[in-house]
């Protein structure tokens, strides 16, 4: 795709051609408005200016009065749906605006955005949208699960409905969600939020830098918190829920016994069904309370 200078400079202020990202982004948002509110896009034929067709699927019409109209329609072969064409219009617009505002080449915005799968979209060097209804945006980004979304350099999805956002993010489970650089959600319905966060248990969740949830339904929150067993909970920096049903709340706490609980700074509960309350408290015997 290419975007004409006439189109971009509609009602432009007297300043550098490239302007600022905010200005260009605002113009494109205004251009997108007709997609949801067609009535706003009406422009009498006699007032219409230049018309350009891009990639046989998107048309931009400059209105000489107050509006710019962007319409999407089927391509020559009739294989592209209106919805897919509109999605491509939005992606092209954002890419072109970012390139022009930054003073870089907008040539990448003219790349074919059609992925391998039906209704799929890809943008970026070596980006691959391989399954139906997938979106892959970013360098070396890959979306292989149906209806999955991968955003960010080297982000990757591998199962249906998965979402990976961030540099080198990975979502390989069905319905998995990985958000953050280096985040990993490798089981079905697992969620990882934060850089280097890892959720590898079924329906597990890890929130925070380096947090890890390995057990089924495990929950880890805060930097480097670890919930290693099924139904375990770890909340606090370097907290550790190491056994089934264990709960560790507080910085550097450790609940190592089955169904044990450690509450407080550096509290430790290693016995089965044991409970440790308070800073530095230790409950090492089964069914003990400290």
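In my numbering, the protein residues as written are 1235 to 1524.
Ideal Cβ placement from N, Cα and C applies to all residues, glycine included.
Just so you know, these numbers come straight off a predicted model, no measurement behind them.
Selected residue, minimal CA-CA separation from residue i, among the options
i, options, result
"residue 1444", "1363, 1497, 1413, 1465", "1413"
"residue 1520", "1510, 1506, 1511, 1512", "1506"
"residue 1504", "1360, 1512, 1487", "1487"
"residue 1373", "1379, 1363, 1382, 1381", "1363"
"residue 1466", "1428, 1449, 1427", "1449"
"residue 1491", "1421, 1523, 1427", "1523"
"residue 1415", "1468, 1510, 1404", "1404"
"residue 1409", "1382, 1439, 1427", "1382"
Start and end residues, beta strand (DSSP E) containing residue i
i, result
"residue 1467", "1467-1469"
"residue 1397", "1397-1399"
"residue 1356", "1355-1357"
"residue 1413", "1411-1413"
"residue 1425", "1425-1427"
"residue 1385", "1383-1385"
"residue 1495", "1495-1497"
"residue 1510", "1509-1511"
"residue 1371", "1369-1371"
Euclidean distance between Cα positions of residue i and residue j
i, j, result
"residue 1354", "residue 1494", "48 Å"
"residue 1395", "residue 1367", "10 Å"
"residue 1472", "residue 1398", "25 Å"
"residue 1517", "residue 1480", "13 Å"
"residue 1401", "residue 1389", "6 Å"
"residue 1458", "residue 1442", "7 Å"
"residue 1451", "residue 1369", "28 Å"
"residue 1515", "residue 1482", "12 Å"
"residue 1342", "residue 1384", "Confidence at residue 1342 is low in this model, with a pLDDT of 46, below 50, so its placement is unreliable and the value that follows should be read with caution. Cα to Cα, residue 1342 sits roughly 18 Å from residue 1384."
"residue 1508", "residue 1437", "26 Å"
"residue 1387", "residue 1375", "6 Å"
"residue 1502", "residue 1489", "6 Å"
"residue 1239", "residue 1411", "With a pLDDT of only 46 at residue 1239, under 50, the local geometry of the prediction cannot be trusted, and no value is derived from it."
"residue 1513", "residue 1427", "29 Å"
"residue 1453", "residue 1496", "15 Å"
"residue 1446", "residue 1468", "9 Å"
"residue 1347", "residue 1391", "18 Å"
"residue 1304", "residue 1356", "Low confidence applies here, because residue 1304 scores a pLDDT of 41, under 50, leaving its location unreliable and the question unanswered by this model."
"residue 1349", "residue 1361", "9 Å"
"residue 1440", "residue 1500", "21 Å"
"residue 1511", "residue 1433", "28 Å"
Residue i vs residue j beta-carbon contact at 8 Å
i, j, result
"residue 1407", "residue 1431", "no"
"residue 1498", "residue 1484", "yes"
"residue 1478", "residue 1461", "no"
"residue 1429", "residue 1417", "yes"
"residue 1371", "residue 1379", "no"
"residue 1435", "residue 1456", "no"
"residue 1365", "residue 1377", "yes"
Heavy atom of the ligand SAH within 7 Å of residue i beta-carbon
i, result
"residue 1359", "Absent from the structure shown: the ligand SAH. Ligands present: none."
Handout entry: Uninterrupted alpha helix (DSSP H) stretches inside the region 1434-1484 (no shorter than 4 residues)
Key = none
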